[in-house]
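Chain order of the listed sequences is A and V.
Quick note on the working numbering: the first sequence kicks off at 1 and runs consecutively.
Quick note on the working numbering: the second sequence kicks off at 574 and runs consecutively.
Note that the Cβ used here is the ideal one computed from N, Cα and C, for glycine as well.
Computed from a predicted structure; not experimentally measured.
Structure first, then comments.
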Amino acid sequence: MKTALRLTLVLFVLCLSSLSAMAQEGGIVVRGNAGADPTAFDPLLTNETVTSDIQALIFPDLLSVDPATASIVNGPGPNALASGWELSEDGLTYTFSLRDDLYWTDGEQIDADDVMFVWDFIQSGAVPTHLSFVADEIANVEKIDNFTIAVSFDEVDCDAILSIGALEPYPSHIAPEDLTTMPDQEFNQNLYVSSGPYTFGEVRPAESISLLANPDYVDAELGYVNNDAFVLLNVPDLTVMVERFLAGELSIISGPQEARRAEIYAAEDEGRVQIYTYPGNSWDYLAFNLADPSNPQNAVDEDGNAIDQGMHPVFGSTEVGRDVRRALNMALDVDDIIERATFGEGTRMASHLVPASWAFDPTIEPVPSDPAAAAQMLTDAGWVNSDPDDPSSVRVCQGCATAEDGTEMRFVLNTNEENARRTAIITIAQESWDKIGVKAEIQTLEWGSYLEKLFTQTLDAYVIGWRNGYPDRPDATQLFTPASDVVGGCSNCMSYNNPEFTAINEQARTLPGCSIDERKALYAEAQRIIQADTPYIFMFVRNGFYAAGSEVNGFDPFPSQLLWNVDTWSISQ
Amino acid sequence: MTTFVIRRILQAIPTLFGISILVYAIMLATPGGPVAALTFSPTVTPQERAALAAQLGVNDPFHIQYLRWLLGDDWMRFDSDGDGVADTAYLIPLDADGDGEPEPPGTRRGILRGDFGSSFFHGKRHVIDVIFERLGATLELGVASLVVGLTIGIPVGVLAAVNRGGPFDNFTRIVSVIFNAFPVFWLGLILLLIFGGTGLGLLPMGNRCGLVLVGGCPPLYERLEYLVLPTFVIAAGFLAVYSRFMRASVLDVGTQDYIRTARAKGLSGRMVWFRHGLRNALIPIATLLGPSVTGVLSGAVVTENIFSWPGVGRLAVSSLQQRDYPTVMAIVMLASITTIIGYLLSDILYALIDPRIRLR
């Protein structure tokens, strides 16, 4: 009997040890961070890129996103508090059911109060926050009970769910009574309460941030987090970052310099590296100022009345000079620019919507490159070569619609000097335009100076970029409507104002019933309008690029979602 | 000596004052500002940008901003009746952003009262806290570089002078020229490629220590390998300068009468050089100490970036790019004070080494 008991005990211990060996494969995931050092961590106070990456790994979301479709799911999902929602018949109120099985790491249950706190904080205006836009979009948030909240809007907004997603639960039980002191709280430097695959480990300023596997993470796909820790290692020099990745000091990197990607592809061929690329959500464009740069004006006054902004002597205004702008677009070979400025690591754009957007219409072709036709279009528009026998001689206005006769077709093309890709774009554009008599003087400015100058709306033309959010919101209100054309702080700094575009964009955003197909058709129309108006030369989206060493198990990204399954990753020794 | 030191410290005060005015003026004259960098997003409204500018005080005239930095703003806008709302203001308006509500009372005490202000970034923390958490790394690298530069450069210079025209002298001359000619960023990258993981794999490619999940870096002696490459990159310049200076100095001393006398007394060559020549030859080296301090600081800016070294140099660059005025000013003032101290130490060392020099 004793022998049998002993044998049973030994077998039990052996089973336990083999189970534990099966449990966690372990390893430390080391990600290279070439971005700026994170300066603060409180999710209500900062959304710096690096900080956001960390917050996503240690805090729960309110809503769940399907990484495969990049859409918000009406149902439960890993590390998301809401288990689903119901929309009222008038389309104005979303009622969310919240899960009751999520806890902060200090044992407090996550509930409706943690969402209500975020709403109250935003409304209080106690501290400037990147979430302040939510108060403009959401009418009210109401706590129904501990696990139910209702979010209401004044008007139907088909992107409402994206605004609601910003209300991510916050550990309200540790917040100070005086909200104005939140930036000074320890929580802003040490996220000692969290709830996600990882817990906050340690910050070594300008060097690394460590996150430790959370043993109590309830949504782990395997039942446990499969690695020991996640470290964000600061490597400010991009060249060095690639070297350290190839040397095996970093497990994963994202968005390395285009010029270095060939080496990483070569390492993939040797089986040392895994790569995932996709058309990204960061895009570069060349913008034309469509107002008089010598007398910058807001688009509308305080009462909403339109203000005369004049027109640019070369590019005209939204209504005038379309042919000139399209000709300037056609004079460029954007595919060649992609090849030369990004080593082919870009995907062509046709309009303001990125290929990853659900509203993107692939049937809309980019403006073709045809320098000969472009030259003829400029001539037809009243811009003729000063020397008829020399096609590269400067063009002058002879009956053009935007300037006095004799005005030369000259302007300044700006970008920020630190960005080699954009510097290459303006150099190539200058070369291309010079061949048909369009004289662009290129000028590069330091980033801070450049932004300030941009906000003054005194630039002629400029190259810069945007990065879209995730999931993508196709609404263009902030970029292409008069509401955001304000001198001193604009996102529509080139003063584009087409009432038809504004109306269609608004209609697509507020369409009763929010039919996806109908909205997609409206956005397609908006894309056609803006391409015809050509306030921008839409260049390309930079291809997203994730790379992991072959020792990383579980690497299976989706566009803009490198770490969606990081709790399953392990590192082979 | 004490009188000399006190006088030099007193002389440093107007120097620092002048530096602060000059740097502040240049900084504000530079186009661009922190507000644009902080708010370049379509979701930020012009009103929010204006409010942030008012809160940071970056739209105030130069003299107001400088006075705020120097003397604080707790006397510019304050609450006289204790109800928590600012009701009295000098030099600046009560309602800076024009929203009809007074701004909060000023809380800055100014640099003269030991308050270097709060960073516009870094979670609005006090800049001194931000700088001091990086200072250790920079000091570690700077001291190591100086020690390596001095302990190798001086003997090499002496040996080159003693063996003047010989193979060792020629070899060190060529190496010195090479070290002087190599840009720091290039040398750093090449050394990384040679000794790092993609090359020989002998040394780590960056950071101050290996992966540490909690508890901070281990003591220096347990992570010396991380110091090797960045130290060498900064020390290379010192090695070149010190060895050439030392060689020239020793050769110069060698022509002096007292050396000839020592030789005439029948002393061995070693005794002549190391007992009589070396101390005198070291005098010019002492004068290099002050410039070396600035050399360490400027070398650190590039080296820290390449080797992911978490020091003040990187902080200085990022603060300049972000227009983080309080941090930039604090770093400039600390660098100025360090430089002044370096030159002061040079003078004192000069007097200690050369008995003919008297500090007055």
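Residue i, DSSP secondary structure in three states
i: I727 (chain V); result: helix
i: F230 (chain A); result: strand
i: D510 (chain A); result: The sequence given here has Thr at residue 510 (chain A), not Asp. Residue state, collapsed to three classes: coil.
i: K838 (chain V); result: coil
i: M539 (chain A); result: strand
i: G772 (chain V); result: coil
i: N329 (chain A); result: helix
i: T347 (chain A); result: strand
i: H130 (chain A); result: coil
i: H695 (chain V); result: helix
i: V412 (chain A); result: strand
i: Q257 (chain A); result: coil
i: F818 (chain V); result: helix
i: I144 (chain A); result: strand
Rounded C-alpha distance that separates residue i from residue j
i: I428 (chain A); j: D335 (chain A); result: 12 Å
i: A139 (chain A); j: G125 (chain A); result: 16 Å
i: A548 (chain A); j: Q531 (chain A); result: 38 Å
i: P60 (chain A); j: V394 (chain A); result: 59 Å
i: G280 (chain A); j: F343 (chain A); result: 15 Å
i: P499 (chain A); j: D361 (chain A); result: 22 Å
i: I537 (chain A); j: A381 (chain A); result: 19 Å
i: T867 (chain V); j: L238 (chain A); result: 27 Å
i: G770 (chain V); j: V801 (chain V); result: 15 Å
i: G722 (chain V); j: F752 (chain V); result: 12 Å
i: D927 (chain V); j: I856 (chain V); result: 7 Å
i: D646 (chain V); j: R887 (chain V); result: 29 Å
i: D216 (chain A); j: I684 (chain V); result: 48 Å
i: I727 (chain V); j: M819 (chain V); result: 6 Å
i: S550 (chain A); j: E263 (chain A); result: 15 Å
i: A341 (chain A); j: A420 (chain A); result: 8 Å
i: Y192 (chain A); j: E177 (chain A); result: 18 Å
i: L63 (chain A); j: V73 (chain A); result: 7 Å
Close beta carbons around residue i, own chain, < 6 Å, minus the five adjacent residues each side
i: M649 (chain V); result: Y663, L664, I665, G679
i: G437 (chain A); result: N385, S392, S393, V394, R395
Cβ neighbours of residue i in the same chain (closer than 7 Å, five flanking residues each side left out)
i: Q55 (chain A); result: P43
i: L212 (chain A); result: Y198, T199, G201, A229
Unbroken beta strand (DSSP E) run spanning residue i, endpoints
i: K520 (chain A); result: First-last for K520 (chain A): 516-533, but that is the alpha helix (DSSP H), not the beta strand (DSSP E).
i: Y450 (chain A); result: Where Y450 (chain A) is concerned, there is no enclosing beta strand (DSSP E), although the alpha helix (DSSP H) it sits in stretches over 447-456.
i: L87 (chain A); result: 82-87
i: L92 (chain A); result: L92 (chain A) -> no beta strand (DSSP E), and no H or E assigned at all.
i: R395 (chain A); result: 395-397
i: A40 (chain A); result: Neither: A40 (chain A) is in no beta strand (DSSP E) and is coded neither H nor E.
Neighbour-count burial assignment, residue i, 16 or more Cβ in a 10 Å radius
i: E365 (chain A); result: exposed
i: E221 (chain A); result: exposed
i: F200 (chain A); result: buried
i: S841 (chain V); result: exposed
i: M377 (chain A); result: buried
i: Y898 (chain V); result: buried
i: T618 (chain V); result: buried
i: Q398 (chain A); result: exposed
i: R681 (chain V); result: buried
i: K435 (chain A); result: exposed
i: A595 (chain V); result: Looking at the sequence itself, residue 595 (chain V) is Leu, so the reference to Ala does not match. Its Cβ having fewer than 16 others within 10 Å, L595 (chain V) is exposed.
i: S572 (chain A); result: exposed
i: N565 (chain A); result: buried
i: F635 (chain V); result: exposed
i: N146 (chain A); result: exposed
Contacting residues, own chain, Cβ-Cβ under 8 Å from residue i (five flanking each side not counted)
i: L629 (chain V); result: P607, V608, F693
i: G316 (chain A); result: L290, R322, V324, R325, A401, T402
Residue range of the alpha helix (DSSP H) that includes residue i
i: G872 (chain V); result: 862-879
i: E263 (chain A); result: 261-269
i: P176 (chain A); result: Note, P176 (chain A): premise wrong, no alpha helix (DSSP H); not H, not E.
i: L286 (chain A); result: First-last for L286 (chain A): 273-288, but that is the beta strand (DSSP E), not the alpha helix (DSSP H).
beta-carbon residue i near the ligand GTP non-hydrogen atom, thresh 7 Å
i: N753 (chain V); result: No copy of the ligand GTP occurs in the structure displayed, which carries no ligand at all.
Checklist entry - Which of the residues in the segment 231-249 of chain A, read from start to end, lie with their CB under 8 Å from any CB of chain D? => result This model lacks chain D altogether, as its protein chains are A and V.
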